[in-house]
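Quick note on our numbering: the sequence shown kicks off at 0 and runs consecutively. Only one structure is covered here, and it is reproduced in the block below.
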Amino acid sequence: MRSSHKIALATLATALMSGSAFAADLITVPTSTPAALPVYEEAAGFDWNGFYAGVYGGIQNSSVGGMQYGAGAMAGVNAQFDFYLLGAEVAVQGITGGNTNTSYGQILGRAGLVVSDNVVVYAAGGYGIDLGVPEEDDALLGGGVELAVTDNVSVRAQYLHGFPLNGGNPKDQFTVGAAFHF
């Protein structure tokens with residue numbers, strides 16, 4: 000074969016090989032599409048931790064005082080551990096009706112369960128004292144439910160029974176109130 004034919008065949012073979020490489024480069028197969036994955040961010044629940052203060056109104060029934068009505072103020076602190084809640088509270092209220100007008104103070108411990116992001120069910124126990132005459136003090140036991148209505152405000156209903164320590168006058172107390180959480 001002549002060398003010119005050899006050069007022509009070599010050139011042709013080189014051209015065919017390089018042409019197929021160019022053709023293969025032009026074919027693309029998508030392996031995946033860049034799709035944005037949806038990000039689910041769960042809204043944070045109500046933060047029960049910290050200090051709170053509020054007001055409440057209620058009724059108190061006793062064998063000596065009869066049916067009495069009152070309003071008061073409360074202040075306390077809560078600590079939340081997962082779905083457990085521990086807290087302490089002080090409260091004072093003015094009471095009228097029946098045959099006496101007096102004021103009543105109480106110190107309570109609270110322990111409860113956070114049943115949803117904004118609802119707490121709790122038991123309460125502590126000490127109550129009638130600040131007027133006659134002098135009476137009670138061991139208090141009861142419970143309640145508290146509902147968060149905004150990021151800082153909750154409402155609650157609570158029942159306490161007073162077991163007399165001094166004075167022999169058992170009491171039943173039902174209150175509803177609202178608290179601002181700091």
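The beta carbon of each residue, even a glycine, is placed where N, CA and C say it ideally should be. These figures come from a predicted structure and were not determined experimentally.
Per the C-alpha coordinates, the member of TYR51, PHE80, GLY166, SER102 positioned closest to GLU145 is TYR51. One thing to note: GLY124 has its Cβ no nearer than 8 Å to the Cβ of LEU112. Closest in C-alpha terms to SER102, from the list LEU85, LEU84, GLN67, PHE82, comes GLN67. Distance from the CA atom of ASN60 to the CA atom of GLN172, rounded to whole angstroms, is 7 Å. A distance of 8 Å or more separates the beta carbons of TYR158 and GLY176. Beta-bridge partners assigned by DSSP to GLY143: TYR121, GLN157.
Shortest Cα-Cα distance from GLY69 to any of ASN151, GLY97, VAL38 involves GLY97. Membership of ASP171 in the beta strand (DSSP E) is indicated by the continuous run 170-180. In this structure, DSSP gives THR95 an extended state, which the three-state scheme calls strand. In the three-state DSSP reduction, ALA35 falls in the coil class, being neither helix nor strand. With a 10 Å radius around the Cβ and a threshold of 16 neighbouring Cβ atoms, ASP137 comes out buried. Looking only at ARG109, GLU135, ALA78, GLY64, the smallest Cα-Cα distance to GLY167 is reached by GLU135. Contact between PRO169 and SER62 holds, since their C-beta atoms are separated by about 7 Å, short of 8 Å. DSSP places SER115 in the uninterrupted beta strand (DSSP E) bounded by 101-115.
If you draw a 10 Å sphere on the C-beta of ALA90, you find 16 or more other C-beta atoms in it, and that means buried. Non-local beta-carbon contacts of ASN48 in its own chain, meaning distances under 7 Å to residues more than five positions away in sequence, involve ASN77, ALA78, GLN79 in chain order.
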